[in-house]
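Heads up: the protein sequence lines correspond to chains A and B, in order. Numbers 1 to 312, taken from the working numbering, label the letters of the first sequence in order. Numbers 313 to 496, taken from the working numbering, label the letters of the second sequence in order. Below is one structure; the comments refer to it alone.
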Amino acid sequence: MTDGIDDPEDVLGRYEGLVDDVEAFREACARPLPAVVRVNEIKATPDEVRAGFEEEGISYDTVDWHDGLLRLPDGDPGHSWAYVHGWVYGQEEVSAVPALVLDPEPGERVFDPCAAPGSKTTQLAALMNDTGLLVANDSNLGRLSALRSNAERCGVSNVVVTKSDARNFSLKPFSDDEEPFDRVLVDVPCSCEGTIRKNPDALADWTEDHVHGVAGVQKGILERAIEVTKPGGTVVYSTCTFAPEENEAVLDHALGNSACDLVEFDLPLESRPGVTQWQGESYDPAVERARRIYPHHNDTGGFFCAKLEVTA
Amino acid sequence: MSDDAADGGGGADDASAENQPHRFDRLPATAEERDVPERATREGVVEFWHDRYGVDPSVWDGYTFWEKGAGKVWAFAGDLPSPVEVEAMGMTFLRTGGEHWKPTTDAVQRFGRHATADDTVIDLSRERAARFLAGEDQELDWDGDWGYLIVRHEYGGRPEPVGVGLFVHGELRSQVPKGRRREL
C-alpha cells in the first residue's frame, strides 16, 4: 500500500491512531501529486495565465478552492513563457494555505523568518500588493540565493532579505525604534512527512531524534516570532509534518511561555482539529484550534497550520 | 549567481572611498544633496525612466532607490533608515556605472509595462522573442533609437516585457543574463 515510499521505519504507521481512515491515508500518501503552480498576481491575473497557457498549448486543471492555483497534468512548467515572465510559481497547493491564513494587507510590516526558497514569501508579497515591508530571512546562504532568484523572477520589490538564525533575529536594521511586525509567518523546518507525495525520499532519513531536535528549534523560532510581533498582531505557525511533537507540542510550549492565544480560523479545505493527546503527553486544549490537513481528504500533501494572536 | 546579481564586487568598478560595497545607501534626492561623487540621484533615476522609456514619474511614488556596489542601483517599495546592512532589498534595478545607464532584466520585466515610448520599446514576434530569450543576437530592421531597448512580445493577451536588448548597427543584442536564458 505504500509501495514507492522509502520508509524503512514505517514512519506513517505512527500516525494511524490520528487519522479517520487508515487505508485511505496510506493510499493517498503513496500516490504522486500533479505539479501545481500559483499565479503570481504581482505580474499577472489568473485569466492572463490561463490565456498564456492556452497560447503555449500547456494543459491545466483548475483547483476548486483557489482561483490562483492551477494543476498541470503534464508536469513541470519551468520551460514556459509563463515561468520566464514570472507569472507563475511552482508550489504545492496545500503550501499556499498559511499565507492565506496570515492574510497580510498592503502596507503592513510582515516577517517571514524561514523564508527560503520563497514560495510563501512571493505569495505574501503578492497578497501585500508588493507594498509595505516584507522581511524574508533564512540562515543558509545557498537557500537565500534561491530565495533571491525566485523573488527577482516574480518581480517582488517590497522584500528585504536577511541572513540570521531566526531564533536570534534582530529588529535593529528595520527601524530606528525597533518597531515590531504586524504579522509573522512561521513556516518552520520540519520532518516533512507531509511532502511524501512530492518527494518519495522524504522519510529516508527520518529519526525520532531528529523530530525532537527540530522541535526545539521550532519552539525557539516561534518564541522569537511572537516577541517581534506587536500586541494584537497575528502569527501563523505551519509545518508539513504530521508529528504532534513538532505541531501541537510546539504550540503548547508557546501558550505556556509566550504572550499569545490560539484563535479559530476558516479553511477552504477539509481539515481536522489539532490533537490534545500524544504518546502519553497532554497539550493545552486550545491546540484543537489548529488545523491538520491530511492527504486523503483533499487529495493534497499533508499540512499543519495554526493562527496565533499576540497578547500584550 | 546571475549576471544581474548586484554583489560580488565587480572587479572593473573602482568604488569611491565613500561607497561601501557591503551596505545599502539610499540615493540622494538631488545632486545638491549628494555626498558620494558619481552616485546617481533619485531625481536622475526618475528622469531616466521618463525621458528614455516614457515611464510616468508617479510610478515611483512609494519607492526608494539604493546603491550597493558602485553604480548598482536597487529599487525598494518602501523605506528604511539608511544605510542598512542586509543581504538584499527590493530588486536590482539599474546600472549607472557606464556611459549609458542600463536597466536590469528584473526592472524591465516588472516595470516595463509602464513604458510608453515608441522609439525605445520594441515588440517582437513569438519566434524572434524566443531567439532573444535564448540569448541570440539578431538582425533587425528598426528605425527607433539605438541603445538599450525594452523588448516585448504579445503573451496572455497583452504586450509583456521579456528583457533588455542593445540595438546597434542593425542588430538587436540580447542582454538576457545567462541564468535567465531558456530554449522554449
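Every residue gets a Cβ at the ideal spot worked out from N, C-alpha and C, and that includes glycine.
Do we get a CB-CB distance below 8 Å when we pair residue i with the residues of chain B?
i               : result
T62 of chain A  : no
G75 of chain A  : no
V184 of chain A : no
A116 of chain A : no
V160 of chain A : yes
L133 of chain A : yes
G90 of chain A  : no
S119 of chain A : no
D176 of chain A : yes
K163 of chain A : yes
E179 of chain A : no
R197 of chain A : no
R148 of chain A : yes
G155 of chain A : yes
G86 of chain A  : yes
P104 of chain A : no
Is there a C-beta anywhere in chain A that falls below 8 Å from the one on residue i?
i               : result
A387 of chain B : yes
V396 of chain B : yes
D347 of chain B : no
A400 of chain B : yes
W471 of chain B : It is Pro, not Trp, that sits at residue 471 of chain B in the sequence shown. Cβ-Cβ to chain A under 8 Å: no for P471 of chain B.
Y365 of chain B : no
G321 of chain B : Annotation note: pLDDT 38 at G321 of chain B (below 50); position unreliable, no value reported.
S314 of chain B : A caution first: S314 of chain B carries a pLDDT of 41, below 50, which makes its placement in the model unreliable, though a value can still be read off. So, interface residue.
R494 of chain B : yes
A327 of chain B : Since pLDDT at A327 of chain B reaches only 42, below the 50 mark, its modelled position is unreliable, and the value read off the structure follows with that caveat. Chain A, which has no Cβ nearer than 8 Å to the Cβ of A327 of chain B, makes this no.
Y460 of chain B : no
P333 of chain B : no
L392 of chain B : yes
L445 of chain B : yes
E468 of chain B : It should be pointed out that residue 468 of chain B corresponds to Gly in this sequence rather than to Glu. Chain A, which has a Cβ nearer than 8 Å to the Cβ of G468 of chain B, makes this yes.
G374 of chain B : yes
Secondary structure at residue i, three-state DSSP: helix, strand or coil?
i               : result
T62 of chain A  : strand
Y89 of chain A  : strand
A329 of chain B : The pLDDT assigned to A329 of chain B is 46, lower than 50, so where the model puts this residue is not dependable, and the model offers no usable value.
A317 of chain B : Since pLDDT at A317 of chain B reaches only 40, below the 50 mark, its modelled position is unreliable, and no value is offered.
H465 of chain B : strand
F423 of chain B : helix
D209 of chain A : helix
S191 of chain A : coil
I434 of chain B : strand
L171 of chain A : coil
I221 of chain A : helix
K230 of chain A : strand
T342 of chain B : coil
T300 of chain A : coil
A99 of chain A  : helix
A382 of chain B : coil
S145 of chain A : helix
G323 of chain B : With a pLDDT of 37 at G323 of chain B, under the threshold of 50, the modelled position of this residue cannot be trusted, and the question is left open.
R38 of chain A  : strand
T239 of chain A : strand
R153 of chain A : helix
Q277 of chain A : strand
L70 of chain A  : strand
Just to check my reading of the structure: residue i and residue j have Cβ atoms closer than 8 Å, yes? What is that Cβ distance to the nearest angstrom?
i               : j               : result
F377 of chain B : V357 of chain B : 5 Å
G477 of chain B : R485 of chain B : 6 Å
A389 of chain B : T131 of chain A : 6 Å
V49 of chain A  : L72 of chain A  : That pair is no contact at about 11 Å.
G424 of chain B : P393 of chain B : The Cβ separation is near 31 Å, so there is no contact.
C154 of chain A : G86 of chain A  : 5 Å
H426 of chain B : A441 of chain B : Not quite, the Cβ-Cβ distance comes to about 20 Å (not below 8 Å), so this is no contact.
F181 of chain A : K230 of chain A : 7 Å
E208 of chain A : F242 of chain A : With 8 Å as the limit, E208 of chain A and F242 of chain A do not qualify as a contact, their Cβ atoms being about 14 Å apart.
G274 of chain A : E248 of chain A : 5 Å
D284 of chain A : D252 of chain A : 5 Å
Which residues share a DSSP beta bridge with residue i?
i               : result
C260 of chain A : A:V310
K286 of chain B : Not covered by the structure: residue 286 of chain B. The range shown for chain B is 313 to 496.
E451 of chain B : B:E483
G477 of chain B : B:L461 and B:S486
D138 of chain A : A:K163
M401 of chain B : A:V160
F336 of chain B : B:V396
E495 of chain B : For E495 of chain B, which the question treats as bridged, DSSP gives no partner whatsoever.
I196 of chain A : BP columns for I196 of chain A are empty, so no partner.
P106 of chain A : Paired residues: none, contrary to the question.
Is residue i near the ligand NAP, with its Cβ less than 7 Å from a heavy atom?
i               : result
E472 of chain B : The ligand NAP is absent from the structure shown, which contains no ligands of any kind.
* Mind checking the region 419 to 436 of chain B against chain A and listing, in chain order, the residues whose C-beta falls within less than 8 Å of any C-beta there? => Q421 and R422
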